[in-house]
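Respectively, the protein sequence lines represent chains A and B.
Residue 1 is where the first sequence starts when you use the numbering used here, and the numbers rise one by one after that.
Residue 120 is where the second sequence starts when you use the numbering used here, and the numbers rise one by one after that.
Written below as structure tokens is the structure these notes are about.
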Amino acid sequence: AQTVTQSQPEMSVQEAETVTLSCTYDTSENNYYLFWYKQPPSRQMILVIRQEAYKQQNATENRFSVNFQKAAKSFSLKISDSQLGDTAMYFCAFMKHEGSGGSNYKLTFGKGTLLTVNP
Amino acid sequence: NAGVTQTPKFQVLKTGQSMTLQCAQDMNHNSMYWYRQDPGMGLRLIYYSASEGTTDKGEVPNGYNVSRLNKREFSLRLESAAPSQTSVYFCASTRGGGLITFNYGYTFGSGTRLTVV
Numbered sequence: 001a002q003t004v005t006q007s008q009p010e011m012s013v014q015e016a017e018t019v020t021l022s023c024t025y026d027t028s029e030n031n032y033y034l035f036w037y038k039q040p041p042s043r044q045m046i047l048v049i050r051q052e053a054y055k056q057q058n059a060t061e062n063r064f065s066v067n068f069q070k071a072a073k074s075f076s077l078k079i080s081d082s083q084l085g086d087t088a089m090y091f092c093a094f095m096k097h098e099g100s101g102g103s104n105y106k107l108t109f110g111k112g113t114l115l116t117v118n119p
Numbered sequence: 120n121a122g123v124t125q126t127p128k129f130q131v132l133k134t135g136q137s138m139t140l141q142c143a144q145d146m147n148h149n150s151m152y153w154y155r156q157d158p159g160m161g162l163r164l165i166y167y168s169a170s171e172g173t174t175d176k177g178e179v180p181n182g183y184n185v186s187r188l189n190k191r192e193f194s195l196r197l198e199s200a201a202p203s204q205t206s207v208y209f210c211a212s213t214r215g216g217g218l219i220t221f222n223y224g225y226t227f228g229s230g231t232r233l234t235v236v
């Protein structure tokens, strides 16, 4: 079974600064997908960024980027130019690749990191 | 608006009572999921339905049952509620296919906050 670990229960950052949220995972699979989801106080789950394990290039989405280190099984999220609206719980998540026998596309989540952006 | 609809949004139950959480999606998705979210625990999978007519246990299935009524609807039932089932419950769906799920992610409902007293 896969496990996802987020070692930072809470973090804070000043507006306009950069912050990095850490995530490590444990799997025996070679191909898989990784995600970061954001949950603001509204409770809505929002997909922030995603990465395919077989792609070495780190994914970027505007102010959000990842540092994917496959050998280290690490998938950190960097938020640049933090904004007040980035205040939320952030979840790292893992999904097996369909070629590895997974036909159910289950997401395994970490416990989350509560990020607060201060003015 | 297309999406995943959960009802009710809030519910208070007494210990031992039963109830069903409803979930419906109108996106013609094949796979549906029930998660629970507890403080400091993240989201944990209760049950899922990879396709219409199939259901399987997730990480924390004890105390729950599910029904995939049709392609649109996936309900979660608590037969005898316990205080340990106090949580926020999320239903989610995906069209299926790893690459599609990767590209579009899950579509989540807005959650049901359940309190068992």
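C-beta atoms are modelled at their ideal positions from N, C-alpha and C, and glycine is treated no differently.
Check: What does DSSP give as the partner residue(s) for tyrosine 90 of chain A in the beta ladder?; Outcome: A/Lys38 and A/Thr113
Check: Alpha carbon to alpha carbon, how far is valine 235 of chain B from phenylalanine 129 of chain B?; Outcome: 11 Å
Check: If you check the beta carbons only, do tyrosine 223 of chain B and alanine 211 of chain B fall under 8 Å apart?; Outcome: no
Check: What three-state label does DSSP hand glycine 182 of chain B in the structure shown?; Outcome: coil
Check: Is it buried or exposed for valine 19 of chain A, if we count other Cβ within 10 angstroms and need 16 for buried?; Outcome: buried
Check: Counting along the chain, where does the beta strand (DSSP E) carrying tyrosine 166 of chain B start and finish?; Outcome: 161-168
Check: Can you give me, in chain order, the residues of the stretch 5-28 of chain A that have a beta carbon less than 9 Å from any beta carbon in chain B?; Outcome: Gln6 and Pro9
Check: How many Å lie between asparagine 184 of chain B and alanine 16 of chain A at the Cα?; Outcome: 46 Å
Check: Using beta carbons (cut-off 8 Å, strictly below), is lysine 111 of chain A in contact with chain B?; Outcome: yes
Check: For leucine 218 of chain B, name the three-state secondary structure that DSSP assigns.; Outcome: helix
Check: So which residues of chain B does glutamate 52 of chain A contact, with C-beta pairs closer than 7 Å?; Outcome: Phe221
Check: CB-CB under 7 Å to tyrosine 105 of chain A, same chain, minus the five flanking residues each way: which ones, in chain order?; Outcome: Met95
Check: Measuring only the C-alpha atoms, how far is lysine 70 of chain A from arginine 187 of chain B?; Outcome: 37 Å
Check: Using 8 Å as the threshold, is the C-beta distance between threonine 241 of chain B and serine 194 of chain B below it?; Outcome: Only positions 120 to 236 of chain B appear in the structure, and residue 241 of chain B is not among them; the question remains open.
Check: Can you name, in chain order, every residue of its own chain whose Cβ lies under 6 Å from the Cβ of arginine 232 of chain B, other than the five neighbours on each side?; Outcome: Phe129 and Val207
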